[in-house]
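Asks: Take this structure first; my questions come after.
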Amino acid sequence: GDSVTQTEGLVTLTEGLPVMLNCTYQTAYSTFLFWYVQHLNEAPKLLLKSSTDNKRTEHQGFHATLHKSSSSFHLQKSSAQLSDSALYYCALSDHGGSGNKLIFGTGTLLSVKP
Amino acid sequence: NAGVIQTPRHKVTGKGQEATLWCEPISGHSAVFWYRQTIVQGLEFLTYFRNQAPIDDSGMPKERFSAQMPNQSHSTLKIQSTQPQDSAVYLCASSLAQSQNTLYFGAGTRLSVL
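Those protein sequence lines, which keep their order, are chains A and B. For what it's worth, this note's numbering labels the leading residue of the first sequence as -17, then goes sequentially. For what it's worth, this note's numbering labels the leading residue of the second sequence as 1056, then goes sequentially.
Printed below as a string of structure tokens:
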């Protein structure tokens, strides 16, 4: 079945350093990938999404490129800010099942320190 | 637009008791999802309604969990005979029914089973 893998449970960075959060996926169907962000005591919300191979998608300073050849959709930012500290989820749309159900990874907690 | 509303925000039950969680989706959204959030598993899909009809309950533990959507303005998740392993944050999300639309999450209900 479809699955999403986020290998880092916790990423700790110093403010100003680049961010890269890993996401790989497995699916037998067409591919639509998402990144959701959840700040402390808030609801998860969409950060960015893509279905186009090798096209960079950007939002709020973050960017990701879907690479179907390597089944990856890594999240990047050139310079981390303290306010980026949050839980980040990568997700895959389940085309094979019931339409727009999302399958999420286990999440990566990003902690940015001064 | 108040967003997705979930009540209660926190619920504490004793082992063996019943817990009912409520969700009010965004007006006009015809798809409603329930997810369970834990540190270990991340966001696990439970069940999904479209136009109030159950579409996919593949993530629901069969014996004690049930979900309903009696009208377009609310959905409930009921857990009978709660167990300590049911302790988690239960998140409701809604979206427009078209494929690949953004899921809008509520702030969740934190269930603690003592």
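For each residue, glycine too, the CB sits at the ideal point set by N, CA and C.
(1) Using beta carbons (cut-off 8 Å, strictly below), is Asn1156(B) in contact with chain A?
(2) With a threshold of 8 Å between beta carbons, is Glu(-10)(A) in contact with chain B?
(3) For a test of the three-state rule: what should DSSP assign to Pro1125(B), helix, strand or coil?
(4) Strictly under 8 Å for the Cβ-Cβ distance: is Phe1120(B) near chain A by that measure?
(5) Looking only at DSSP bridge pairs, what is Lys37(A) linked to?
(6) Along the beta strand (DSSP E) that carries Gln1061(B), what are the first and last residues, could you check?
(7) Check Leu(-1)(A) in the structure and name its three-state DSSP category.
(8) Mapping DSSP to helix, strand and coil, what is Ser1136(B)?
(9) Under three-state DSSP, which class holds Asp66(A)?
(10) For Gln8(A), which of Thr(-6)(A), Tyr18(A), Thr34(A) and Thr(-13)(A) has the nearest alpha-carbon?
(11) For the putative contact between Lys1070(B) and Thr1137(B), defined by C-beta atoms under 8 Å, what is the C-beta separation to the nearest angstrom?
(12) Give me the Cα-Cα distance between Gln1135(B) and Lys59(A), rounded to the nearest whole angstrom.
(13) Give a yes or no on whether 8 Å exceeds the smallest Cβ distance from Tyr70(A) to chain B.
(14) Check the C-beta distance from Leu57(A) over to Asp(-16)(A) and give it rounded, since I have them as a contact under 8 Å.
(15) Which of the residues in the region 1100 to 1115 of chain B, read from start to end, lie with their CB under 7 Å from any CB of chain A?
(16) From the DSSP output, in three-state form, read off Asp1111(B) for me.
(17) Relative to the C-alpha of His49(A), which residue among Leu15(A), Val1(A) and Leu64(A) is closest?
(18) How about Ser1130(B) and Ile1081(B): are their beta carbons less than 8 Å apart?
(19) To the nearest angstrom, how far is the alpha carbon of Pro1139(B) from that of Pro1109(B)?
(20) With a threshold of 8 Å between beta-carbons, can Gly89(A) be considered close to chain B, or not?
(21) So Val1095(B) is in the beta strand (DSSP E); what residue range does that whole segment cover?
(22) Under 9 Å between beta-carbons, which chain A residues line up against Ser1150(B)? List them in chain order, please.
(23) If you measure from the beta carbon of Lys95(A) to each beta carbon in chain B, is any gap under 8 Å?
(24) Using DSSP's beta-bridge definition, name the partner residues of Glu1079(B).
Replies: For this structure:
(1) Residue numbering aside, residue 1156(B) sits at position 101 when the second sequence is read from its first letter. With 8 Å as the cut-off, Asn1156(B) counts as an interface residue toward chain A.
(2) Here residue -10(A) refers to the residue found at position 8 when the first sequence is read from its first residue. So no, Glu(-10)(A) is outside the interface.
(3) Locating residue 1125(B) in the second sequence gives position 70, counting from the first residue. The answer is strand: DSSP assigns Pro1125(B) an E or B state.
(4) As a working note, residue 1120(B) is residue 65 in the second sequence. No, no contact with chain A.
(5) For the purposes of this step, residue 37(A) is taken as the residue at position 55 of the first sequence. Lys37(A) pairs with nothing; no bridge assigned.
(6) One-based indexing of the second sequence puts residue 1061(B) at position 6. Ile1060 to Thr1062 is the span of the beta strand (DSSP E), which, as asked, contains Gln1061(B).
(7) Locating residue -1(A) in the first sequence gives position 17, counting from the first residue. Coil, per DSSP.
(8) The count along the second sequence starts at 1 and reaches residue 1136(B) at position 81. In this structure, Ser1136(B) counts as coil in the three-state DSSP scheme.
(9) Within the first sequence, numbered from 1, the residue matching residue 66(A) stands at position 84. DSSP places Asp66(A) in helix when its eight states are reduced to three.
(10) For the purposes of this step, residue 8(A) is identified with residue 26 of the first sequence, where counting begins at 1. Checking every option, the nearest Cα to that of Gln8(A) belongs to Thr(-13)(A).
(11) Residue numbering aside, residue 1070(B) sits at position 15 when the second sequence is read from its first letter. Residue numbering aside, residue 1137(B) sits at position 82 when the second sequence is read from its first letter. At roughly 7 Å, the Cβ-Cβ gap stays under 8 Å, so Lys1070(B) and Thr1137(B) are in contact.
(12) The residue you call residue 1135(B) lines up with position 80 of the second sequence. The residue you call residue 59(A) lines up with position 77 of the first sequence. Whole-angstrom Cα-Cα distance: 44 Å.
(13) As a first step, residue 70(A) is located in the first sequence; it is residue number 88 there, counting from the start. Judged by the 8 Å Cβ criterion, Tyr70(A) is not in contact with chain B.
(14) By one-based count along the first sequence, residue 57(A) stands at place 75. By one-based count along the first sequence, residue -16(A) stands at place 2. About 19 Å separates the two Cβ atoms, so there is no contact after all.
(15) Phe1100, Tyr1103, Ile1110 and Asp1111
(16) Locating residue 1111(B) in the second sequence gives position 56, counting from the first residue. Three-state result, Asp1111(B): strand.
(17) As a first step, residue 49(A) must be located in the first sequence, where it is residue number 67. Here the closest residue by C-alpha is Leu15(A).
(18) The residue labelled residue 1130(B) in the question sits at position 75 within the second sequence. The residue labelled residue 1081(B) in the question sits at position 26 within the second sequence. No, these two residues do not count as a Cβ contact at 8 Å.
(19) For the purposes of this step, residue 1139(B) is identified with residue 84 of the second sequence, where counting begins at 1. For the purposes of this step, residue 1109(B) is identified with residue 54 of the second sequence, where counting begins at 1. For Pro1139(B) and Pro1109(B), the distance between alpha carbons rounds to 27 Å.
(20) Here residue 89(A) is taken as the residue at index 107 of the first sequence, counted from 1. Output row for Gly89(A): interface = yes.
(21) As a working note, residue 1095(B) is residue 40 in the second sequence. No beta strand (DSSP E) holds Val1095(B); DSSP gives it neither H nor E.
(22) Against the second sequence, residue 1150(B) aligns to sequence position 95. In chain order: Asn82.
(23) The residue given as residue 95(A) occupies position 113 in the first sequence. With 8 Å as the cut-off, Lys95(A) does not count as an interface residue toward chain B.
(24) Counting from one through the second sequence, the residue named residue 1079(B) turns up at place 24. Partner(s): Ile1060(B).
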